[in-house]
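Numbering (my numbering), first residue to last: 161 to 466.
We treat Cβ as the ideally placed atom computed from N, Cα and C, and that holds for glycine.
Heads up, the thing below is written out as structure tokens.
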């Protein structure tokens, strides 16, 4: 539905985006994930015309938009990382204010407000001032104000930063219901447990896509194995020693009371990690990200391919 081709953006000498190409299909939850500073917010702002790109093209339904961003913004809702609600207005007053901005008529407005307040569980808080809401409720209100415009595409830039775990669960329940309605969800997040809820993922690192694809297929076709080890001895000492060993560097991590070892066909390395138990486990998106961020290049270099 929305596609970008070779998007580049510099801020002075800093390359924020380096020839980024990707596509967000209609009716899916697409996730852009990466550490802070990877370029997630910059990418969203460029797609929506809030930042000027240095080069590259943006397409919607295979038609190039040039600089006519209204083609995208007219069908989209955008929730930035720091969404500005009016703290002195109540939930209901905030909804009315944004409905006025979107030009939503009074009859349709009341229908939408009723449905949104029920869906988000905010109905009993509709007369509470926004300043008095919890972080999770503020995010649900922010999402509701966007949905008043009945967008086909919803951009969510790190929507659950600073939100408690229960509110995060409730928020993603709403996102799933929007997907069932046929909405296209495009979300950025640094939290890979949240990214698991998507259909497709794009890993960004320093402004470049290092891996992308359908999450289900990515997990099925991983070029490595994950082993859970019960450490023998001081777990912190084991991990520190692994960091200083070129064979184990970026492969051994603490996971609760266990160690996690990422293997790329070098299973014999497990024998040099002090442990009493070992079990192969199913890779998560976090494991996939760690592999492509830290390990793949070093493996290629050792094999003479880098």
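Checking the sheet assignment: what are the DSSP bridge partners for residue i?
i, result
"residue 347", "191, 316"
"residue 238", "315"
"residue 213", "According to DSSP, which records beta bridges pairwise, residue 213 is partnered with nothing at all."
"residue 162", "184, 220"
"residue 374", "360"
"residue 454", "Answer is none; residue 454 lacks a bridge partner."
"residue 169", "177"
"residue 207", "Its beta-bridge partners do not exist; DSSP assigns none."
Using a Cβ-Cβ cut-off of 8 angstroms (strictly less than) and excluding sequence neighbours within five positions of residue i, which residues of its own chain qualify?
i, result
"residue 233", "208, 209"
"residue 287", "250, 251, 252"
"residue 214", "168, 169, 170"
"residue 318", "200, 201, 241, 348, 349, 350"
"residue 331", "296, 299, 300, 303, 319, 320, 323"
For residue i, count neighbouring Cβ atoms within 10 angstroms of its own Cβ and tell me buried if that reaches 16, exposed if not.
i, result
"residue 246", "exposed"
"residue 348", "buried"
"residue 367", "buried"
"residue 171", "exposed"
"residue 313", "buried"
"residue 193", "buried"
"residue 396", "exposed"
"residue 284", "exposed"
"residue 441", "exposed"
"residue 406", "exposed"
"residue 254", "buried"
"residue 174", "exposed"
"residue 264", "buried"
"residue 292", "exposed"
"residue 278", "exposed"
Who are the near neighbours of residue i in its chain, counting only those whose CB is closer than 7 angstroms to its CB and skipping five residues on each side?
i, result
"residue 216", "164, 165, 166, 167, 168"
"residue 195", "350"
"residue 322", "295"
"residue 202", "169, 176, 177, 211"
"residue 365", "194, 198, 453"
Quick one: what's got a C-beta closer than 6 angstroms to residue i's C-beta in the same chain, skipping five residues either side?
i, result
"residue 402", "408, 412"
"residue 445", "352, 355, 356"
"residue 219", "163"
"residue 328", "320"
"residue 258", "305, 308"
"residue 269", "259"
"residue 289", "250"
(message) To test your reading of the DSSP string, which unbroken beta strand (DSSP E) runs of 3 or more residues are found completely within the stretch 376-443?
(response) 385-391, 412-415, 418-423, 435-441
(message) For the stretch 375-391 against the stretch 423-435, do three or more pairs of beta-carbon atoms, one drawn from each stretch, fall closer than 8 angstroms, so that the two count as touching?
(response) yes
(request) Please go through the stretch 231-314 and give each complete beta strand (DSSP E) segment of 3 or more residues, from N-terminal end onward. (result) 236-239
(request) May I ask you to verify whether the stretch 196-216 touches the stretch 272-284, counting CB pairs closer than 8 angstroms and requiring at least 3? (result) no
(message) Closer than 8 angstroms is the cut-off here; do at least three beta carbon pairs connect the stretch 295-310 with the stretch 234-245?
(response) yes
(request) Indicate whether the contact test is met: 3 or more Cβ pairs, each with one atom in the stretch 356-365 and one in the stretch 440-455, closer than 8 angstroms. (result) yes
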